[in-house]
Amino acid sequence: MNHSESRRLFLKAVGAGVGTAAVGLLFAANALDSKNANFFYQESNASKGHELLSQLTEKFEHRLCGSKNAFEAEQFCHDKFTAMGFTDVRFEPFVKDVWNRGHLSKMDIIANNGQSYSVNMVAFGGSPSPVDVKAEVVDLADAMEEDYQSIDVKGKIVIGNIGMDDGSKAPHRSVKVALALKKGAAGIILHNNVKHNTLLTGGAGRYLPIPAASVGFEDGMDIRNKLKTQKLYAHIRMDGNHYVNATHRNVVAVLPGSEKPE
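Taking UniProt numbering, the leading residue of the sequence shown gets 1, the next gets one more, and so forth.
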């Protein structure tokens, strides 16, 4: 196999969507000149990369570390590399703590007179699993440090903007979750500023001792408008799962070079 053929097979393998970052390594030794750029463009469009990527995402959907979907997707990639002609294909296992939302993300808003209604929400990544918390709701505007100065939130559920009221750049929403935790809140409702009740997910990069729930723009505005005239309570229930040291696998396919096989 000559150098050109080696690059061709390599790029077709990369097109499967399982090793895109390696493209940079391919051209690390020589600049991405017009000849190489044209070659990459032609191979990217001629290969079955998009078809394979569609199969990978549509057949297996999410591929959360340690999940059944991930295990099957890893095997799919291994089999595809083997079918492409690679003789050195192997799994490279690693462990990672994993959290998922489970099947229950439910929030009820309850008025003083006992009347209640449900609000669509999703759990913020890392929320405790499971959790069942009921507490008074307090409006904290942008839920930044200065917003806590005049309000005692201990044991209460804070509702605050994911963004900023004045349109300025907001810190990552995990910062607002951390502040609520620091101030002793029982939970936090993150109010999205995108209309049509769009729910925004995300995570804090760690596991939380209090629940954090994302609600859409219109639902959040309804809660906040009601809070202007009455006391409200929120009942938040989640049943996410936390897996410690879940095993995940990279899929490695080795193609020896023709000029420098080592």
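For every residue, glycine included, the Cβ atom is placed at its ideal position computed from N, Cα and C. Quick caveat, the model's predicted, so the values are computed rather than measured.
- Put simply, the backbone Cα of SER150 is about 12 Å away from that of VAL138.
- Within the UniProt domain "PA" (134 to 223), the complete alpha helix (DSSP H) segments at least 4 residues long are 173 to 182, listed from N- to C-terminus.
- Spatial neighbours of LYS106 in its own chain (CB-CB distance under 6 Å, excluding positions within 5 residues in sequence) are listed in chain order as ARG237.
- In the three-state reduction of the DSSP assignment, HIS248 falls in the strand class.
- DSSP, reduced to helix, strand and coil, places ASP132 within a strand of the structure shown.
- The beta carbons of ALA143 and ALA180 sit about 7 Å from each other, so the pair counts as a contact at 8 Å.
- Between the region 187 to 199 and the region 207 to 220 there are three or more inter-stretch CB-CB distances shorter than 8 Å, so the stretches are counted as touching.
- Within a 10 Å sphere around the beta-carbon of HIS78 sit 16 or more other beta-carbons, which makes this residue buried.
- In the displayed model, SER54 falls within a helix according to three-state DSSP.
- Around the C-beta of HIS248, 16 or more other C-beta atoms lie within 10 Å, and the residue is accordingly described as buried.
- Collapsing the DSSP output to three states places PHE71 in a helix.
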